[in-house]
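Remarks on the structure that follows.
Numbering (the numbering used here), first residue to last: 202 to 1256.
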């Protein structure tokens, strides 16, 4: 009974699957390779014969119009140099390999068809019978929609909606806008001052409104129609409002939606007729390249000079005579997958883990608007955009952190030990394959590991067998490509548009997934990061609810969950989203395969990451520390091949051979490394089959080695005798995607010090003593506002009224960024009470708007070891005068232009401080050299870093000299104010510097103390990344002083 329970899979498959196959049978390529292996001179003639096929010509055109043109000239008899001919033949041969061996759908090179799980396996394609689902490339559609939306006759009629990334933060509306340059989108956070009339516009547009309707709402006795229209235009330009013609990636194809929306408008008959002609060509029976050229001509009316490249996207659907797989196969795969997922799946996301901790520290058990929490300035942010990591620093862009590149010392686990032993055992006996046993896997699988298996996921791989009948008898192998979720629709969603059976099956799978969460809404994440990515993201509206973000939704408004509707909390270690409007938990899902990790939008990445909370996003074989071995054997568990045999080859290996020529080198290499005749050349996720018995195959490998220095080869699995998808002229390689899910009756619950010397100098000042120490927790950018608008005027009034006799501030990050303020008065007991009361009143609006989220008092502990017992009071005096100067300086630095000047102001300020301490030019250069060297070490001291810093200096050198010489006439007013503030600080510091120099001659060097003062000066001035700024500023000043010394030496020589 115990064994029977162990055999229960806990996982089941759907009653359908997706079969993916190349355009051509694999035997076609094998025949070509056999012929050219015997006579390499026949390659050109054979390829000419192959590419007379108009379907293959069309396939080449869709992939590369440029190659198509060259191919047609060649087919027409045009002469070309040997070099050009070899290049052309090489490209055409590679494409032919792709058409025969790679099952990943792309253009006409490979296609798919939906199969059914049955009581018998039978896979037969109707060779030469295809259905093409052609559509305009999303890049073209997006550009086309933007052009049409700007036409006057369209612009006044279409509806506009609020940008669905808008959220309110304090007295601002924040949102994401994008710019498209060379067809690439870049995103940025923008903000506008909140006002009632803006809210009126947002409310008016909630269900869509025309420009005239919006402007009419704004008109009052004080606002004319012209002013209202001009204001609405500004909202369009700033993307606070977006048109209904913005692209969508769910629902019907967006090109169809575009036509339908234009049909409803007046005076668009000509536009619609033109677009319908394009659509008719796309969906018509006409074949061949001419129809694509005709489409381009029609589109050139709207987009002059449009390119043929990436004009059309095609999904190819193979027609099948029979497409069935036995249910026993699916059951076996489910059984084995359950154990493999538990053993090899890696649950956990470091960004989500950090988010949970940050949320608990900041908000504890509160429920907070998601937009507020993810705001990297006012909230805790997410991922690489946490509060404290956001850069307001153009000068240090591109400077890495050496600490971030530190080595990670992960522990050697039981699985690592098991893996090493299996590898050593295989290598010692020359085995080409490692076979895993069930007992071995269970021994390294932790208790409860089955809980990491998602409710819904897919299994994707290639079936290998002698025949379909062999599959039914259990004589097959399944070469795993991927296993990932949630959900099971990840690889399937994009193909559901062209296959109603697949679409219906997926919807049923997603409904089954939703049954696991009866009290929650599973909502589709809908976002278009780049226009071209829309080709992969396009899918029907598979779920009832959507979370649209910078993209048009595919469902009605009552089914849309907007970003500003979402609340977030952390309950018992679980991140929980809730819709305020629907008062239900929301669980994000995305039914398409998009690599969202490469993006920069915090909200999108957070929602996508949340899909895999507490579960593994997939499983795969991971060689870990053995990954860089020259040879790794294949790995198999029962019938599932987890990893194919792999070779790493380097260019250096060719140098050991005396033979001359590409062919000879590769044959020697083949013998030395025991390479099989056919191998797969790996380039990221592309795999090219090369036959080393052919000169062209050997040449491809040789050139790749010369070009890249090293390559990875995989064993090729798919000889004609083990390919089971039949066609009239041969069998096809395949990939099968199985939608799988956990069984409802198999649910497993988861738990939703410094040594101090004795001294007479007081070190610690607790609250209520002469030093008051206050911490203000807020975002880095908001800190700038608080310093200039609150702290600067308040401190000025305190000093003028003699309420305090000392003050200084610093910016600091421990767990969170905050301002540290220190107020001093040793003459008046209880002075701190009035200051705290005043600060409470001054900061209250910022607390209410969640800009300031914590105010604390603390004990001020003097850094006596750093600043000296006898000089700490002088240091505090310096801190005061420098803090007042810093407050005045940052008050005149505004916006992006201010950031351009900030680091130059710091250079000028540091230079003057060195002057105040009487350092000579060589002394200034020496201290900057030491500081620059120390920070270079901290940041890795790499050649790349040095090159980057040299590039900054080359770019900024002339302007630094101009500023230091007082010759920046274009910004004379700013530099006059800067100079006055710095000189005022110098005058205030005269007595302090004199006393410091006298004291430091006895106890310490001036240089050591000066380094600390410069460090604190930069800390006060820079909004973020002070240490990165120190690195750059010290290096620039070092180079500046060296150049001045050189100029002075040359001047002496000339004299």
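For each residue, glycine too, the CB sits at the ideal point set by N, CA and C.
Exercise for the section: Could you tell me which uninterrupted alpha helix (DSSP H) segments, each at least 4 residues in length, are contained entirely in the stretch 336-381, listed from first to last along the chain? Expected result: Segments of the alpha helix (DSSP H) lying fully in the stretch 336-381: 339-350 and 353-356.
Problem - Residue environment, residue 879, which counts as buried when at least 16 other CB atoms sit within 10 Å - result: Residue 879 sits at position 678 when you count from the first residue of the chain shown. Per the 10 Å Cβ criterion, buried.
Practice task
Give me the Cα-Cα distance between residue 1264 and residue 775, rounded to the nearest whole angstrom.
Solution key: Past the edges of the chain, shown from 202 to 1256, lies residue 1264, and the structure says nothing about it.
Problem - Cutoff 7 Å; reference residue 694; Cβ partners in own chain excluding five residues on either side - result: Sequence index remark: in the chain shown, residue 694 carries index 493 (1-based). So the list reads 707, 740, 743, 792 and 793, once near-sequence residues are dropped.
Handout entry: Residue from 224, 756 and 410 with nearest C-alpha to residue 453
Key = If you number the chain shown from 1, residue 453 lands on position 252. Checking every option, the nearest Cα to that of residue 453 belongs to 756.
Practice task
Evaluate contact between the stretch 938-945 and the stretch 648-659, counting only Cβ atoms and requiring at least three cross-stretch pairs below 8 Å.
Solution key: Between the stretch 938-945 and the stretch 648-659 there are three or more inter-stretch CB-CB distances shorter than 8 Å, so the stretches are counted as touching.
Practice task
Kindly give me the distance between the Cβ atoms of residue 805 and residue 728, rounded to whole angstroms, as I take these residues to be in contact under 8 Å.
Solution key: Translated into the one-based positions of the chain shown, residue 805 becomes position 604. Translated into the one-based positions of the chain shown, residue 728 becomes position 527. Going by Cβ atoms, the distance from residue 805 to residue 728 rounds to 5 Å, so yes, they are a contact pair.
Practice task
For residue 482, I'd like the list of residues in its chain whose CB is within less than 7 Å of its CB, leaving aside the five on either flank, ordered along the chain.
Solution key: Numbered from its first residue, the chain shown carries residue 482 at position 281. The residues are 492, 495 and 496.
Practice task
Would you mind sorting residue 857 into buried or exposed? The rule is 16 or more other CB atoms within 10 Å of its CB.
Solution key: Against the chain shown, residue 857 aligns to sequence position 656. Exposed, because fewer than 16 other Cβ atoms sit within 10 Å of the Cβ of residue 857.
Problem - Simplified DSSP assignment, three categories, for residue 947 - result: For the purposes of this step, residue 947 is identified with residue 746 of the chain shown, where counting begins at 1. Reliability of the predicted coordinates at residue 947 is poor, the pLDDT of 46 falling under 50, and no value is obtained from them.
Exercise for the section: Determine the direct distance from the alpha carbon of residue 803 to that of residue 375, and round the result to whole angstroms. Expected result: Against the chain shown, residue 375 aligns to sequence position 174. Against the chain shown, residue 803 aligns to sequence position 602. Going from the Cα of residue 375 to the Cα of residue 803 covers about 14 Å.
Exercise for the section: Kindly provide the ranges of any beta strand (DSSP E) runs that are 3 or more residues long and lie completely inside the stretch 1021-1066, ordered along the chain. Expected result: 1053-1059, all fully within the stretch 1021-1066.
Problem - Nearest candidate by alpha-carbon position, reference residue 215, set 405, 892, 711 and 1250 - result: Here residue 215 refers to the residue found at position 14 of the chain shown. Of 405, 892, 711 and 1250, the residue nearest in Cα terms is 711.
Exercise for the section: On a CA-only basis, which of 765, 734 and 736 is nearest residue 748? Give me that one, please. Expected result: Along the chain shown, read from residue 1 onward, the residue named residue 748 stands at position 547. Nearest of 765, 734 and 736 to residue 748, Cα basis: 765.
Exercise for the section: Output yes if chain D places a C-beta closer than 7 Å to the C-beta of residue 624; else output no. Expected result: No chain D is part of this structure, which consists of one protein chain only.
Problem - Closest Cα partner of residue 420 within the set 413, 569, 429 and 1197 - result: As a working mapping, residue 420 is identified with position 219 in the chain shown. Residue 420 has its Cα closest to that of 429, out of 413, 569, 429 and 1197.
Practice task
May I ask which residues mark the beginning and end of the alpha helix (DSSP H) holding residue 1136?
Solution key: Translated into the one-based positions of the chain shown, residue 1136 becomes position 935. Counting along the chain, the alpha helix (DSSP H) containing residue 1136 begins and ends at 1122-1139.
Problem - CB contact flag (residue 1082, residue 1186, <7 Å) - result: Along the chain shown, one-based indexing puts residue 1082 at 881. Along the chain shown, one-based indexing puts residue 1186 at 985. Going by C-beta atoms, residue 1082 is nearer than 7 Å to residue 1186.
Exercise for the section: Label residue 939 either buried or exposed according to how many other C-beta atoms from any shown protein chain fall within 10 Å of its C-beta, with 16 as the threshold for buried. Expected result: As a first step, residue 939 must be located in the chain shown, where it is residue number 738. The residue is buried, with at least 16 neighbouring Cβ atoms inside 10 Å.
Problem - Exposure label - residue 1217; buried when at least 16 CB within 10 Å - result: Walking along the chain shown from the start, residue 1217 turns up at place 1016. By the 10 Å Cβ count, residue 1217 comes out buried.
Problem - Where residue 1251 falls: helix, strand or coil (DSSP) - result: Counting from one through the chain shown, the residue named residue 1251 turns up at place 1050. Three-state DSSP puts residue 1251 in a helix.
Problem - Classification of residue 929 by the beta-carbon crowding that lies within 10 angstroms, buried from 16 upward - result: Position 728 of the chain shown holds residue 929. Its Cβ having fewer than 16 others within 10 Å, residue 929 is exposed.
Handout entry: Same chain, Cβ closer than 8 Å to residue 1257, neighbours up to 5 away in sequence not counted
Key = Missing from the structure shown is residue 1257; the chain here goes from 202 to 1256 and no further.
Exercise for the section: Express the C-alpha separation of residue 736 and residue 292 in angstroms, rounding to a whole number. Expected result: Locating residue 292 in the chain shown gives position 91, where the first residue counts as 1. Locating residue 736 in the chain shown gives position 535, where the first residue counts as 1. Rounded to the nearest angstrom, the two C-alpha atoms are 25 Å apart.
Handout entry: C-alpha gap between residue 221 and residue 582, whole angstroms
Key = Walking along the chain shown from the start, residue 221 turns up at place 20. Walking along the chain shown from the start, residue 582 turns up at place 381. C-alpha separation (whole angstroms): 41 Å.
Handout entry: Pick from 435, 841 and 859 that is closest to residue 1257, judged by C-alpha positions
Key = What is shown of the chain runs 202 to 1256, which leaves residue 1257 out entirely.
Practice task
Classify residue 1046 as buried or exposed, calling it buried when 16 or more other Cβ atoms lie within 10 Å of its own Cβ.
Solution key: Within the chain shown, the letter at position 845 stands for residue 1046. Its Cβ having fewer than 16 others within 10 Å, residue 1046 is exposed.
Handout entry: Residues near residue 1236 in its chain [Cβ-Cβ closer than 6 Å; skip 5 each side]
Key = Locating residue 1236 in the chain shown gives position 1035, where the first residue counts as 1. Taken in chain order, the residues that qualify are 1133 and 1150.
Problem - Rounded C-alpha distance that separates residue 360 from residue 436 - result: For the purposes of this step, residue 360 is taken as the residue at position 159 of the chain shown. For the purposes of this step, residue 436 is taken as the residue at position 235 of the chain shown. The straight-line gap from Cα to Cα measures roughly 14 Å.
Exercise for the section: Give the single residue among 218, 335, 247 and 231 whose Cα lies nearest to the Cα of residue 260. Expected result: Taking the first residue of the chain shown as position 1, residue 260 is located at position 59. Residue 335 is the option with its Cα nearest to residue 260.
Practice task
Below 8 Å CB to CB, which residues in the same chain sit around residue 834 once its five sequence neighbours on both sides are set aside?
Solution key: Locating residue 834 in the chain shown gives position 633, counting from the first residue. So the list reads 624, 627, 628, 632, 633, 634, 635 and 846, once near-sequence residues are dropped.
Problem - Contact set for residue 732: own chain, Cβ-Cβ below 6 Å, skip 5 residues either direction - result: Walking along the chain shown from the start, residue 732 turns up at place 531. So the qualifying residues of the chain are 339, 340 and 343.
Practice task
Compute the beta-carbon to beta-carbon distance between residue 871 and residue 893, rounded to the nearest angstrom, for a pair I have assumed lies under 8 Å.
Solution key: Translated into positions along the chain shown, residue 871 becomes position 670. Translated into positions along the chain shown, residue 893 becomes position 692. Rounded, the Cβ-Cβ distance is 5 Å, consistent with contact.
Problem - Inter-stretch contact (C-beta, 8 Å, three-pair minimum) for the stretch 1092-1107 and the stretch 1165-1184 - result: The count of Cβ pairs closer than 8 Å, one atom from the stretch 1092-1107 and one from the stretch 1165-1184, reaches three, so the stretches are in contact.
Handout entry: Buried versus exposed call for residue 613 [16 or more other C-beta atoms within 10 Å across all chains shown]
Key = Here residue 613 refers to the residue found at position 412 of the chain shown. Counting of Cβ neighbours within 10 angstroms places residue 613 among the exposed residues, the total staying below 16.
Exercise for the section: Return yes when the Cβ of residue 1007 is within less than 7 Å of the Cβ of residue 1025, no when it is not. Expected result: Counting from one through the chain shown, the residue named residue 1025 turns up at place 824. Counting from one through the chain shown, the residue named residue 1007 turns up at place 806. Yes; because the gap between Cβ atoms is below 7 Å, this pair is in contact.
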